[in-house]
Every structure is written in C-alpha cells, then in structure tokens.
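Q: If you're matching positions, the sequence shown starts at 1 in the UniProt record's numbering and goes up one per residue.
Cβ coordinates follow ideal geometry from the N, Cα and C atoms, glycine included.
The structure that follows is given in the form of structure tokens.
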Amino acid sequence: MKNIIITGGAGFIGSHVVREFVKNNPEAMIINLDALTYAGNLENLKDIENEPNYVFEKADITKPEELRKVFEKYNPDAVVHLAAESHVDRSITDPMAFINTNVNGTANLLNLCKEFWTLNPDHTHGRFPDEKRTNLFYHVSTDEVYGSLGETGFFLETTSYDPQSPYSASKAASDHLVRAYGNTYGMPFIVSNCSNNYGPNHFPEKLIPLCISNIINERPLPIYGDGKYTRDWLFVIDHAKGIHQIFNEAKTGETYNIGGFNEWQNIDLVKELIKQMDAKLGKPEGYSDKLITFVKDRPGHDKRYAIDATKLNKELGWKPSVTFEEGLGKTIDWYLENKEWLENVTSGDYQKYYNKQYH
C-alpha cells in the first residue's frame, strides 16, 4: 500500500483534495497532515473520517520534530503539499508568518523527503522515467507568483515570476525551492499553479464566502478600489480533480497551470452573486445591491490575473466541469444548507473545540 501525505488537508482546497484521493485511491493510505490553524476544520471531512484508507495527523510544517514523527510513522511514498498561509491581506500585516509557513515549512518537508527517499542526482530537474518513479513531491501553488497582467494576455507555465505581495513572494520562494531540490538532488517533483478557487467549505475571509455570509446577514459587501480587479475563477472540486489527475498521470519535473477559463471583475462577480442569492432567499431582484460598499484599496493589489491551462488540457484532457455561474450556484446552495458550519467558523466555536481537543 502506498502512503501519501497531504499537507493542509483540513483547509479549504486541501479537504477537497483529501476527499478526491481517499475515494479514488482505495489501495493507498491517505495521511491528512494539518496544524489546524484558523482556516483548518476537520468538519470539512466528516463524510470520510471513518474510511479505512484515511487518517489524520496533527502536525505543523514549521516544526521539523513534529514532521519527523509523522514521516517515521508512515514512511510516505509521496507528498502533496497544500499547507500554506494564503490570505493576501493577512500577509501585509504579518509577513513573517507567511515566510515561516510557506518558505521554511516547505523546506522542512523537502529536507525530510530528501532524507527518507532514495534519490538519484543524475535525474536532473526531478525527471524520472515513468516506470522508475517511486516517490513524488507535488507542490500546489498559485498564479499570484506571476504578478499582474495588463488588459490582455495570459499566464503561461513559462511566464517569469513577478510576485507583488508578501504572500505571493513566499509562494514564489517555495516554488523555487521545490525545483531546486529536483535539480540538485534528483527529487521527483511536480508544481501546479492555480487561479482563484471558490466552492464549499471556504473560510469566510475570501471574497465569495465573505459576501455570501454578509448577504445572509445583510452586512456590507466590501469591494476594494473601483471593483475592476479581474480574476480567473476555478471551482474547487474541479481543482481537486485536476490535482489528482496530475498526480497520477503527469510527467515529473513539469509545471501545470490549472484555471477556470473565465475572467470576472470583482464588481461583476458580486452583482452575479447578489442576483443568485436574492433569488434563492426570496428577496426582490437587486435587494442586496445596497450592501455594496467600496473600500480603500489594499497595497500592492494586482490588477488582473488570467491563467492559460491549455497545457493541462492538451496533455491530460482536464477541463472544468462547470461554468462559473453553475459553480457559484452550487456554492451558494451549500452555504445556505450548511448555515451551522458558517456560524461555527465565524464565531470561532470550532477553534475553541480544537484548542481543547488537540492542545
């Protein structure tokens, strides 16, 4: 049986990735390694917590001694690395937390993999003949490492890095570390860079879940600047399926962009969200428009991200399964059907429970 560690598996994207691997790899043991910080929530995985090929291990990637215990216990064949601090606003007020988790934490994982795996430095750039690959370090990253685009053009896998925030700089550094370990030590690796994710279980500090929560409670919907910042949006379940497919089918030493093939300005996205939510809540059309509140722009705000996922589509046949409007509808439905989850995470009840349970 293969042992696969998925870091950050109690978080938003990570929980969907864990579920995808548990359901589709019955022969493998999936080890969910998470520190259970504010955005980590094991409630996200209630439906699979008793599966025979799933186990949770509480550990912090910034603490090598905690990681070592998990590596010694399971001797993992592969690591899918999602654990990260990811909120840009938080990175502006506390950049060192992002450097510690995203850079040092990644280095801790890489060093343990180097120690536990038999590597061949002759396999430069982490490229292994497919039939000989026994280990894999799959690093999940963001399109924000590429910087900002003008009104036209798309991020490609070959786009030069130009991070503009402490968050994106920390992720860029971790990307470089992974490739450096592949090039220097022959560690088999894959990197994927994704666009903005949305969907169920998203902690309500990001735009879409924050607006859903605030519309429910008739609170202001904060929009930075003029609201014309543009993002590509990817349904989180499609992202999880893409990660699983890349893990199983892609060549090592490669980078893949994963995107939703759509772009939305923030203000248009919020208006679409209002339209769908007002209808679902039985309110008059445009009722929640009054909640839109333009606020002072944040420092280093990238104007436009747009990702080209053609390589992934051509090589592996992956593409999003839903349109943005469809995915947004599914997301809204989930939050309306899981108001208790939303209330718990916004009140901090689950954090109180974890502090008592695991500390």
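Between T293 and I215, is the Cβ-Cβ spacing less than 8 Å?
A: Here the question's residue 293 lines up with position 293 in the sequence shown. Here the question's residue 215 lines up with position 215 in the sequence shown. For T293 and I215, no; Cβs fall outside 8 Å.
Q: Keeping to the same chain, check which residues put their C-beta closer than 6 Å to that of V88; ignore five residues upstream and five downstream.
A: If you number the sequence shown from 1, residue 88 lands on position 88. Around V88: S165 and Y167.
Q: T255 lies in the beta strand (DSSP E); which residues open and close that run?
A: On the sequence shown, residue 255 is found 255 positions in, with the first residue counted as 1. Residues E254 to I258.
Q: Any chance you could list the alpha helix (DSSP H) runs of at least 4 consecutive residues sitting entirely within the segment 218 to 258, in chain order?
A: List check, alpha helix (DSSP H) in window: 236 to 249.
Q: Taking all protein chains shown into account, decide if N196 is buried (16 or more other Cβ within 10 angstroms of its Cβ) or exposed.
A: What you label residue 196 is simply residue 196 of the sequence shown in a count that begins at 1. Looking at its Cβ environment, which holds 16 or more other Cβ atoms inside 10 Å, N196 is buried.
Q: DSSP on V17, reduced to helix/strand/coil?
A: Numbered from 1 along the sequence shown, position 17 holds the residue referred to as residue 17. Helix, per DSSP.
Q: Using 8 Å as the threshold, is the C-beta distance between S86 and K303 below it?
A: Along the sequence shown, read from residue 1 onward, the residue named residue 86 stands at position 86. Along the sequence shown, read from residue 1 onward, the residue named residue 303 stands at position 303. Their beta carbons are not under 8 Å apart, which means S86 does not touch K303 by this criterion.
Q: Pull up the CB-CB distance for T62 and N100, whole angstroms please, since I reckon it's below 8 Å.
A: Residue numbering aside, residue 62 sits at position 62 when the sequence shown is read from its first letter. Residue numbering aside, residue 100 sits at position 100 when the sequence shown is read from its first letter. Rounded, the Cβ-Cβ distance is 5 Å, consistent with contact.
Q: Note down the Cα distance separating D308 from G259, rounded to an integer number of angstroms.
A: Along the sequence shown, one-based indexing puts residue 308 at 308. Along the sequence shown, one-based indexing puts residue 259 at 259. Their backbone Cα atoms lie some 7 Å apart in a straight line.
Q: Suppose you measure from the CA of N32 to the CA of N262; what does that come to, to the nearest Å?
A: Numbered from 1 along the sequence shown, position 32 holds the residue referred to as residue 32. Numbered from 1 along the sequence shown, position 262 holds the residue referred to as residue 262. So the two alpha carbons sit approximately 31 Å from each other.
Q: When DSSP labels each residue in this structure, what does K58 get in the three-state scheme?
A: Position 58 of the sequence shown, counting from 1, holds the residue named residue 58. Three-state DSSP puts K58 in a strand.
Q: Compute the Euclidean distance between the alpha carbons of G225 and R127, then round it to the nearest angstrom.
A: Numbered from its first residue, the sequence shown carries residue 225 at position 225. Numbered from its first residue, the sequence shown carries residue 127 at position 127. Spanning the two alpha carbons is a distance of roughly 44 Å.
Q: Kindly confirm or deny that the segment 236 to 253 and the segment 273 to 285 touch, where touching means at least three C-beta pairs closer than 8 Å.
A: Short answer: they don't touch.
Q: Suppose the cutoff is 7 Å on Cβ atoms and the five residues either side in sequence are ignored; what does the same chain contact list for D232 look like?
A: Mapped onto the sequence shown, residue 232 falls at position 232. Contacts found: S195, N196, G259, G260, N262, E263, Y305, A306 and I307.
Q: Excluding the 5 residues flanking S213 on each side, which residues of the same chain have their C-beta closer than 7 Å to its C-beta?
A: Indexing the sequence shown from 1 puts residue 213 at position 213. These residues qualify, in order along the chain: P204, L342 and T346.
Q: Am I right that Y139 and D175 are in contact with their C-beta atoms under 8 Å? What's the rounded C-beta distance?
A: Counting from 1 along the sequence shown, the entry for residue 139 is found at position 139. Counting from 1 along the sequence shown, the entry for residue 175 is found at position 175. At residue 139 the sequence reads His, which differs from the Tyr that was named. Rounded, the Cβ-Cβ distance is 7 Å, consistent with contact.
Q: Report yes or no: do the segment 69 to 85 and the segment 3 to 17 share at least 3 C-beta pairs separated by less than 8 Å?
A: At 8 Å Cβ cutoff, the stretches touch.
Q: Exposed or buried, S160, counting other C-beta atoms within 10 Å across all chains shown (16 or more means buried)?
A: Stepping through the sequence shown from its first residue, residue 160 is reached at position 160. Counting Cβ neighbours within 10 Å, S160 comes out exposed, since fewer than 16 surround it.
Q: For R19, does the count of other Cβ atoms within 10 angstroms reach 16, so buried, or fall short, so exposed?
A: Counted from its first residue, the sequence shown places residue 19 at position 19. Buried, since its Cβ has 16 or more Cβ neighbours within 10 Å.
Q: Taking three-plus beta-carbon pairs below 8 Å as touching, is the segment 44 to 51 in contact with the segment 19 to 30?
A: These segments touch.
Q: Could you check whether K114 and Y185 sit closer than 8 Å to each other, using their CB atoms as the reference points?
A: Here residue 185 refers to the residue found at position 185 when the sequence shown is read from its first residue. Here residue 114 refers to the residue found at position 114 when the sequence shown is read from its first residue. A contact, by the Cβ cut-off of 8 Å.
Q: Using only alpha-carbon positions, find the residue among L112, A107, Y38 and V103 that is nearest to G11.
A: For the purposes of this step, residue 11 is identified with residue 11 of the sequence shown, where counting begins at 1. For the residues L112, A107, Y38 and V103, the minimum Cα distance to G11 belongs to Y38.
Q: Of all the beta strand (DSSP E) runs that stay within the bounds of the segment 116 to 199, which reach a length of 3 or more residues?
A: Runs of the beta strand (DSSP E) inside the segment 116 to 199: 136 to 142, 189 to 194 and 196 to 198.
Q: Cα separation between N41 and I30?
A: Reading the sequence shown from its first residue, position 41 is the one you call residue 41. Reading the sequence shown from its first residue, position 30 is the one you call residue 30. Each residue's Cα considered, the two are about 17 Å apart.
Q: Give the DSSP-derived three-state secondary structure of E263 in the structure shown.
A: For the purposes of this step, residue 263 is taken as the residue at position 263 of the sequence shown. DSSP places E263 in strand when its eight states are reduced to three.
Q: Which value, in whole angstroms, describes the spacing of the CA atoms of G327 and L112?
A: Here residue 327 is taken as the residue at index 327 of the sequence shown, counted from 1. Here residue 112 is taken as the residue at index 112 of the sequence shown, counted from 1. Cα to Cα, the separation comes out at about 38 Å.
Q: Checking the sheet assignment: what are the DSSP bridge partners for M29?
A: Residue mapping note: residue 29 aligns to position 29 of the sequence shown, counting from 1. N3, per the DSSP bridge assignment.
Q: Quick check on this structure: which residue in K330, D289 and T310 has the alpha carbon closest to the alpha carbon of F154?
A: The residue you call residue 154 lines up with position 154 of the sequence shown. Checking every option, the nearest Cα to that of F154 belongs to T310.
Q: Y354 by DSSP, collapsed to three states: which one?
A: To locate residue 354, count along the sequence shown from 1; it is residue 354. Because the pLDDT at Y354 is just 47, under 50, the model does not fix this residue reliably, and the value given afterwards should be weighed accordingly. Reduced to three states, the DSSP call for Y354 is helix.
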